[in-house]
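A.B. asks:
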Amino acid sequence: MRKIIFSLLVFATATSLAVADGTLDKRLTPFDKDRLAKRDASIASALAEARSGGSDEDVAILDAALAGKPLPLAEAYDPTGNWKCRSIKAGGALPLTVYPWFTCRISEDGTGWQFEKLTGSQRTKGMFYTLSSNRLAYLGAGYVTGEKPRVYGQDAKENQVAVVERRGKNKLVFLFPSPQYESKLDVLVLER
C-alpha cells in the first residue's frame, strides 16, 4: 500500500510540474520520437568524438556543463526568470565547438513553462513537458536573429527536441540528440 501511495505521489508531482497544452506523445513527430528513442547511443557517440577530438579547454567546459546527476524538479523549484546560457556542439564535422554565454529566459503563462534563447544568432523557443520527476522534454523550434520565432511542428526542419535535467541548484542542461544541423549532439547549459 505504501508503495502504491508513493508511486501516485511521484506521478502527481511529475504531472504537475511542466504540463503544456496536450500530450507529449501526440505532439512529437515520428522523426523526433526516433531521435528520443535513440538518444543514449547518439549522445554517447557524440561525446566520444568531442572528448577525443576537442581541445583540452573545450572538453573541460563540456565536462563541467554535464557534471552532476539529475535532481528532482520538486514543487518548490521555480526555473522562471533570466538565465545565462551556452551552446556546445559535439560530434559531426567538428568534434567540439563551444560558444560564449548568451541570455535565455524561462517563463510561465498558465499552460506550462516556456523557454526562449533571447540573444545570439541561433535561437530557439518552445515548451517543456514532464517525462519524470527529474526529467523534462523540450519541444521547440529554431530560428535566427531577425526571424519571427517558429513553433514546434510549423517547419519540420526547424523542430528541436531535447531532454532537460536540473544538474545543480541553479543549472539546467538540455541535451538535443541528433540535431538536424552541424553536429551529432547539441548541449545547452543554463546557469544563474
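Mapping the sequence shown onto my numbering, position 38 (from 1) lands on 38, and the numbers just tick up by one. Where a beta carbon is used, it is the ideal one built from N, C-alpha and C, also for glycine. Source: prediction; values computed, not measured.
#1: At the level of alpha carbons, what is the spacing between Phe48 and Leu66?
#2: Rounded to whole angstroms, what's the CA-CA distance from Asp32 to Val161? Just pull it up for me.
#3: Comparing C-alpha positions only, which one of Pro100, Glu165 and Phe128 sits nearest to Ser195?
#4: Tell me, to the nearest whole angstrom, how far the beta carbon of Pro177 is from that of Arg51; I am working on the premise that it is less than 8 Å.
#5: From Gly153, Gln180 and Leu185, pick the residue whose C-alpha is nearest to that of Lys26; which is it?
#6: Enumerated in chain order, which unbroken segments of the beta strand (DSSP E) with a length of 3 residues or greater are wholly contained in the segment 44-117?
#7: Measure how close the beta-carbons of Val189 and Lys169 come, nearest whole angstrom, since I'm counting them as under 8 Å.
#8: Would you mind stating whether Leu24 and Tyr129 have Cβ atoms separated by less than 8 Å?
#9: In the DSSP output, what is Pro177 paired with across the bridge?
#10: Please classify Asp34 as buried or exposed, where buried requires at least 16 neighbouring CB atoms within 10 angstroms.
#11: For the beta strand (DSSP E) that contains Arg166, what are its first and last residues?
#12: For Leu28, does the three-state DSSP call read helix, strand or coil?
#13: Measuring only the C-alpha atoms, how far is Gly126 from Ile43?
#14: Tell me, please, which residues DSSP counts as bridged to Glu191.
#15: Short of 6 Å in beta carbon distance, which residues of its chain neighbour Gly53, apart from the five on each side in sequence? Order them along the chain.
#16: For a test of the three-state rule: what should DSSP assign to Arg35, helix, strand or coil?
#17: Quick check: the Cα distance between Gln122 and Arg105, rounded to an integer number of angstroms?
#18: Kindly identify the DSSP beta-bridge partner or partners of Thr119.
#19: Taking 8 Å as the threshold (C-beta atoms), are Glu158 and Gly146 in contact?
#20: For Pro30, count neighbouring C-beta atoms within 10 Å of its own C-beta (all shown protein chains included) and say buried if the count is 16 or more, exposed if not.
C.D. replies: On the basis of the supplied data:
#1: Note that residue 48 is Ala in the sequence shown, not Phe. Cα to Cα, the separation comes out at about 14 Å.
#2: Each residue's alpha carbon lies about 7 Å from the other.
#3: In this structure the chain extends from 1 to 192, so residue 195 is not present and cannot be described.
#4: In this structure Pro177 does not touch Arg51 by the C-beta definition: roughly 17 Å separates them, more than the 8 Å allowed.
#5: Relative to the Cα of Lys26, the nearest Cα in the group Gly153, Gln180 and Leu185 belongs to Gly153.
#6: List check, beta strand (DSSP E) in window: 81-90, 96-108 and 113-117.
#7: With 8 Å as the limit, Val189 and Lys169 do not qualify as a contact, their Cβ atoms being about 14 Å apart.
#8: When the beta-carbon positions are compared, Leu24 and Tyr129 come within less than 8 Å of each other.
#9: Pro177 is bridged to Leu185.
#10: Result: exposed.
#11: Segment Asn159 to Gly168, the beta strand (DSSP E) holding Arg166.
#12: Collapsing the DSSP output to three states places Leu28 in coil.
#13: Spanning the alpha carbons of Gly126 and Ile43 requires a straight line of approximately 22 Å.
#14: Paired residue(s): Lys84 and Lys171.
#15: The beta carbon of Gly53 sits closer than 6 Å to those of Pro95, all from its chain and outside the five residues before and after it, given in chain order.
#16: Arg35: helix per DSSP, three-state reduction.
#17: In a straight line, the C-alpha of Gln122 is about 15 Å away from that of Arg105.
#18: Thr119 has no beta-bridge partner at all, per DSSP.
#19: No.
#20: An exposed status is given to Pro30, since fewer than 16 other beta-carbon atoms sit within 10 Å of its beta-carbon.
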